[in-house]
Structure formats: structure tokens, C-alpha cells
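**Q**
Numbering (UniProt numbering), first residue to last: 1 to 190.
1) Measuring CB to CB, does residue 142 end up less than 9 Å from residue 134?
2) Quick one: measure Cβ to Cβ for residue 162 and residue 108, integer angstroms, because I've assumed they're closer than 8 Å.
3) Which same chain residues, not among the five before or five after residue 173, have their C-beta less than 6 Å away from its C-beta?
4) Exposed or buried, which one is residue 165 when buried takes at least 16 other CB atoms within 10 Å?
5) Which residue comes first and which comes last in the alpha helix (DSSP H) that contains residue 130?
6) To the nearest angstrom, report how far apart residue 191 and residue 114 are at their CA atoms.
7) On the CB-based measure, 16 or more other CB atoms within 10 Å of its CB, does residue 138 come out buried or exposed?
8) Using 9 Å as the threshold, is the C-beta distance between residue 57 and residue 75 below it?
9) Could you check the C-alpha separation between residue 72 and residue 98 for me, to the nearest Å?
10) My understanding is that residue 123 touches residue 154, with C-beta atoms under 8 Å, so please give their C-beta distance in whole angstroms.
11) Apply the 10 Å Cβ neighbour rule to residue 78 and answer buried if 16 or more other Cβ atoms are within range, or exposed otherwise.
12) CB-CB under 8 Å to residue 111, same chain, minus the five flanking residues each way: which ones, in chain order?
13) Reducing DSSP to helix, strand and coil, say where residue 181 ends up.
14) Is there at least one Cβ from chain B nearer than 9 Å to residue 48's Cβ?
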């Protein structure tokens, strides 16, 4: 009887050790994933190597939020710029956040064809036109027509807030693309 108890106790202890080892490995793996911020890449993420730069972009975001730029307008800017820049990570995140703000699926899906869709206000169309030209600035800059239309509809300060919003999301897009952030990077570890 004592021999049976000793063997059973040893098996229980061995199982517990295996369980704790597995749990420790999972926790270490999760911590590694969080440290490597949203990326499945072997590249070290920007936040880890240059936290000051990451903080600077966050501060730009805070500035844009303080300008009075509407949250919905800013989400439309972020989605459209992310489409143009090819940043799947940011596109996924901001589309979800736009839905949470009450932006309809149709308005999110139609952003890449906003000129053909009569579901955007004249102000939103001006914002989207400006977003495209600022994002694709290497293709000829920002035309007087697009800029002046935005100013006429939005005012000069709001137009500058739109420009700074495009600058901020474009910075995030470039960081996430360079870091090889993937859409499901965090979801696969949660």
C-alpha cells in the first residue's frame, strides 16, 4: 500500500511539474509576444528599440486629438491613408474602431471608392481628397483645388488638423509596415 501511494504521489508530482513547466512556457511566450508589439517578425519593434520615437508619434496623435478634429473624420482619414499606404494592421484596427464609433459598414467598405459613393458629406469628400493627396504627396503634391476646397468647407485650422492627422497615421503606417506588424499578431496570442 505504501509503495502504491509513493508511486501515485510521484506521478502526481511529475504531472504538476510538467503542468507548471508548460504554464511557465506559455507565460514566457505571451510576454515575448507583448514585448515584440504586434509583430510576428524577427525584427525588433520600434517601440522596443526607440521608445522615444514611438512616444513622439503618440504625442502627435494627442495633438491631433486636441485640435477638434472629429473622431469619425479622423477614423475615415486613418482608414483611407492606411489603404493607400498598404498597412493591413492599421486598416484592420481603425476599421474596427470606426464601427465602434457608429460608422456603418458601407461607409467603411466604400472608402476606396468614395468618389462614386454618395454616402459621404461634401466635407468628408474634401477630407478624403486631401487625405489622398497628402498621403501620395510624391505624386505631385497637394493641389490648390483640393486644398482650397477643404479650406472653403472646413476652415483653415480644421484643414491643418486634417493634414496633421494624415501625417500621424502615415507615420504609424510606416512604422507598422517596417516592423512587419500583422493583423492577427496579438489575436493569435490571446
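Each residue gets a CB set at the ideal place from its N, CA and C atoms; glycine is no exception.
**A** This is what the structure gives:
1) yes
2) 18 Å between Cβ atoms; not a contact.
3) If we look at residue 173 and ignore the five residues flanking it on each side, its Cβ neighbours are 82, 85, 87, 90.
4) buried
5) 122-135
6) Residue coverage of the chain in this structure runs from 1 to 190, which leaves residue 191 outside it and unanswerable.
7) exposed
8) no
9) Our two residues, residue 72 and residue 98, have alpha carbons roughly 7 Å apart in a direct line.
10) The pair is a contact, with the Cβ atoms about 6 Å apart (cut-off 8 Å).
11) Per the 10 Å Cβ criterion, buried.
12) 76, 79, 80, 83, 128
13) In the displayed model, residue 181 falls within a strand according to three-state DSSP.
14) The chain labelled as chain B is not found in the depicted structure, where only one protein chain is given.
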